[in-house]
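Trainee: Below you'll find the structure I mean.
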Amino acid sequence: MNDSHINSRDIAIKRQLKMISSFKLPFYFDPGLLQSDLDQIGPDEWVAHFNQDYFEGEWTGVALRSSGGDPRQLYSQTKAENSFTDTPILERCPRVREILTIFQCPLLSVRFLKLAAGSLIREHRDYDLGFEECQLRLHIPVTTNPDVQFFLDAHRIDMRAGECWYLDLGLPHWIENRSATDRIHLVIDCELNEWLRGLLPADASSKRESIKSDTEYSSAPEELERFRQAVLSDLKLQERLRETADRESFIRLLVGEGQRLGYCFTGADADNALRAAQQAWFERWID
Amino acid sequence: MDRLIDADLLEGWIPARFYWREGKPMVDWCYLGRERFEAAFFEQTIGKCMAQPFNLLFRQQTPIEVLKEWHEVRPGLKPTGFIFHMSRSGSTLVSRMLAAIPTNVVISEAAPIDATLRAQFKSPELSDDRRISWLRWMVSALAQRWRGEEQHFFIKFDAWNTLELPLIRRAFPEVPWVFVYRDPVEVMVSQFNQRGAHMIPGVLPFGLFGMDMETATSLPPEEYCAKVLAMICKVALQHSGEGGRLVNYRQLPEVVPESLLKFFGLHCSDSELETVRAAAKRDAKNPVFTFQSDSQKKRERATNAIHEAAAKWLYPVYEELEAARQAHRAIQPQYSPGQ
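Protein sequences, first through last, are from chains E and Y. So in our numbering, spot 17 of the first sequence is number 101, and the numbers just go up one at a time. So in our numbering, spot 266 of the second sequence is number 419, and the numbers just go up one at a time.
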């Protein structure tokens, strides 16, 4: 019973987080010191980002921790057969090492990601963040400037050098570096634990008006089912949800409409429900 | 009066399935919208709908009583005609030709109809009267004007539904029907190439064909198939005098524009007849191919076992069907070529 309690609490926290698409953590890391770490990395050590279809221009990175410890491994896989370990490049980056010691939570991948001057990353979502496993992605801008435009769920996020941001990158986002300088972020993937939770706005009174206490949460599948029933008696909403035949945009639409009406479920919940519905449909003749 | 449903909420929805939940008959609804039944089979059209994420997540399940209410609010089109068949005999070609006219809708081998007709196997106490009501409600929910242009509604049943012809006739006594049949060896060769559900013991309830499991599974497959097909043919033959019309595969496709349309009460313009004829130029189940009679090819592939089983069980009733068809034509010509 204890396990399930913790589980439901985690789900509640995650859901609160999901409703917050971005949040600035109470840290400031001197970008000048981080820049000196960057200077230790040679130009040939930057490798092109694996999402070749998403960007125009130059989008590259260096792994400081990666699955298997290869500095060229930018893919932050969540179910890695190889565990996450430091890469040789981290040894050359004392400031990053120091920063990582501040994060009292399990660390997954840690990367420098560079969007070169004049480059852009088209709208996409990061599906590699297993929210069910409570994995979060934090961004620390190292070099950036006001001409870098970061849009998350169609809202511009103004991130300054040295700040530390939680971003829900499962939401659609795109980035345009319209400036003449490269934009480099330190990107840390980590697991949610008590320590990290304490830094995030889980406190209902301060950050969110509508956050319920843990015990008031029904499970996400229940919330989704309640929303489903609401949709079935709302023709306008049905019409709106039928606007797209594309699975991804449908999920986006569904989560958005759900949130608008106060039903708390995530894209992952909707995705699971769709899978279950598909399976049930395929198996409909089995008694 | 209290209603289980708000009528508006089922507008555009279609029963995709009739099933039992905890001993209660239920209907599974899927959103069809303005989709046209273009595919050869009902299930393909439903499958197309279910490829939409909305439809997948938002099916709705209701007790069968909702069908009754829906039938009262939206009775839909009265069926224009029914197509029965012994399977692999050209019935899909007939349905495709009928469906070629945009104002015609053909619901072909719809699972919710079949499941409704077979409800007594799930609930042995079920009376025929109850089943007739359910069938009427189900048909009316399928016979909606999805696009507004529909005027004539046809149902092509599953081959084994022919055994329920008397019950279907009671539910819809005024609806003309045809039974499409074909040379027994040709049908059996086709079945043994890829057998339909009624040709494999146990896929459908054993009781459907009046056999117990022992008998059904101990028969050689050829004999089993021939017996089942003969049962289907016998029921059609027995009732052919009651609003029925026998159609041999050999008469296809010309019999459709020549006389079946009139038989179903449709008065078609020359251009509509052309459309119907053009539909015959495509293979009914696989429209990229043209329809060609493959009788010769089929006969060449018949095994001895098929010949023997067909001769023993099927040819006698086939001959009777042929005699009845010709006698019927002699008495009441549906069409004279000179007109």
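A virtual CB, placed ideally from N, CA and C, is assigned to each residue, including glycine.
1) So A463/Y and V338/Y are in contact, right, with Cβ under 8 Å, and what is the actual spacing, rounded?
2) Spell out whether any CB of chain E is found under 7 Å from the CB atom of M203/Y.
3) What's the C-alpha gap between V342/Y and R344/E?
4) Which residue spans inside the stretch 361-407 of chain Y form an unbroken beta strand (DSSP E) run of at least 3?
5) On the DSSP bridge assignment, give the partners of T428/Y in chain order.
6) Note down, in chain order, each residue of its chain lying with its Cβ closer than 8 Å to the Cβ of W290/Y, except the 5 sequence neighbours on either side.
7) Around the C-beta of K434/Y, are 16 or more other C-beta atoms found within 10 angstroms, so that it is buried, or is it exposed?
8) Given that a residue counts as buried once 16 or more other Cβ atoms are within 10 Å of its Cβ, and exposed if not, what is R359/E?
9) With a cut-off of 8 Å on the beta carbons, I'd call I321/Y and F194/Y a contact; round off their distance for me.
10) Rounded to whole angstroms, what is the Cα-Cα separation between R284/Y and I266/Y?
11) Helix, strand or coil: which one does DSSP assign to C248/E?
12) Mind reading off the beta-carbon distance from I173/E to I125/E? Whole number of angstroms is fine, and I expect it under 8 Å.
13) Give the straight-line distance between the Cα atoms of M276/Y and L337/E, rounded to the nearest whole angstrom.
14) Does the stretch 348-357 of chain Y come within contact of the stretch 444-453 of chain Y, defined as at least 3 CB pairs closer than 8 Å?
15) For P216/Y, which residues does DSSP report across the bridge?
16) Ends of the beta strand (DSSP E) at W166/Y?
17) Just grab the DSSP bridge partners of R149/E for me.
18) Per the contact definition of three or more C-beta pairs closer than 8 Å, is the stretch 185-193 of chain E in contact with the stretch 231-238 of chain E?
19) What whole-angstrom Cβ distance do Q297/Y and R227/Y have, given they're in contact under 8 Å?
20) Could you name the residues of the stretch 173-207 of chain E whose beta carbon sits closer than 9 Å to any beta carbon of chain Y, in the order they occur along the chain?
21) Using a C-beta cutoff of 7 Å, does P265/Y count as contacting chain E?
22) Under 9 Å Cβ-Cβ, which residues of chain Y neighbour A329/E?
23) Could you list which residues in chain E have their beta carbon closer than 9 Å to that of D161/Y, in chain order?
24) Give me the Cα-Cα distance between F334/E and E341/E, rounded to the nearest whole angstrom.
25) Between N356/E and chain Y, is any beta-carbon pair separated by less than 7 Å?
26) Mind checking whether F332/Y and L399/Y have CB atoms under 7 Å apart?
27) Taking Cβ positions, are S248/Y and K309/Y nearer each other than 7 Å?
28) Closer than 7 Å, Cβ to any Cβ of chain Y: which residues of the stretch 332-355 of chain E, in chain order?
29) Using the Cα positions of T315/Y and D161/Y, report the straight-line distance between them to the nearest angstrom.
30) So what's C202/Y in DSSP terms, helix, strand or just coil?
31) Hey, could you find the ends of the alpha helix (DSSP H) T227/E is sitting in?
32) Closest Cβ-Cβ distance between A361/E and chain Y: below 7 Å?
33) Name the chain E residues whose beta carbon is nearer than 7 Å to that of Q213/Y?
34) Which residues of chain Y have a Cβ atom closer than 9 Å to the Cβ of L325/E, listed in chain order?
35) Between W365/E, Y250/E, T328/E, L255/E, which has its C-alpha nearest V271/E's C-alpha?
36) Which of the residues in the stretch 180-192 of chain Y, read from start to end, lie with their CB under 8 Å from any CB of chain E?
Mentor: So, to answer that:
1) The beta-carbon separation of A463/Y and V338/Y, rounded to 5 Å, stays under the 8 Å limit for a contact.
2) Chain E, which has a Cβ nearer than 7 Å to the Cβ of M203/Y, makes this yes.
3) The alpha-carbon atoms of V342/Y and R344/E are separated by roughly 60 Å.
4) Restricted to the stretch 361-407 of chain Y, the beta strand (DSSP E) segments that are unbroken, complete and at least 3 residues in length are 397-401, listed in chain order.
5) The secondary-structure analysis by DSSP pairs T428/Y with nothing; it has no beta-bridge partner.
6) I217, L220, K221, W223, H224.
7) Exposed: under 16 other Cβ atoms inside 10 Å.
8) Counting C-beta atoms within 10 angstroms of its own C-beta, R359/E has fewer than 16 neighbours from the protein chains shown and is therefore classed as exposed.
9) Contact between I321/Y and F194/Y is absent: CB atoms are separated by about 19 Å, not below the 8 Å threshold.
10) In this structure, the straight-line span from the alpha carbon of R284/Y to that of I266/Y is close to 11 Å.
11) Strand.
12) Sure, about 6 Å apart at Cβ, within 8 Å.
13) For the record, residue 276/Y in the displayed sequence is Ser; it is not Met. Cα-Cα distance, rounded: 42 Å.
14) No: fewer than three Cβ pairs fall under 8 Å.
15) Bridge partners of P216/Y: M179/Y.
16) From DSSP, the beta strand (DSSP E) with W166/Y extends over 166-174.
17) Partner(s): D170/E, V194/E.
18) Pairwise C-beta distances place the stretch 231-238 of chain E out of contact with the stretch 185-193 of chain E, as fewer than three of them are shorter than 8 Å.
19) Yes, Q297/Y and R227/Y are in contact; Cβ-Cβ is about 6 Å, under 8 Å.
20) Contacts with chain Y (Cβ-Cβ distance below 9 Å) from the stretch 173-207 of chain E involve no residue at all.
21) It does not: the Cβ of P265/Y has no partner Cβ on chain E nearer than 7 Å.
22) Going along chain Y in sequence order, the residues near A329/E (Cβ under 9 Å) are A204, Q205, P206, F207.
23) For D161/Y, the residues of chain E that pass the 9 Å Cβ criterion are L319, in the order they occur in the chain.
24) Straight-line measurement puts the Cα of E341/E at about 10 Å from the Cα of F334/E.
25) Any Cβ of chain Y closer than 7 Å to the Cβ of N356/E would place that residue at the interface, and such an atom is absent.
26) Cβ atoms of F332/Y and L399/Y: closer than 7 Å.
27) Closer than 7 Å, so yes.
28) Correct list: F334.
29) About 35 Å.
30) Three-state DSSP puts C202/Y in a helix.
31) Looking at the DSSP string, T227/E is not in any alpha helix (DSSP H); the run it does join, the beta strand (DSSP E), is 219-227.
32) Closer than 7 Å to some Cβ of chain Y, the Cβ of A361/E qualifies, so yes.
33) L316, listed in chain order.
34) The contacting residues are P206, F207, L210, F211.
35) Among W365/E, Y250/E, T328/E, L255/E, the Cα nearest to that of V271/E is on Y250/E.
36) Those residues of the stretch 180-192 of chain Y that come within reach of chain E (Cβ to Cβ, closer than 8 Å) are D181, Y184, G186.
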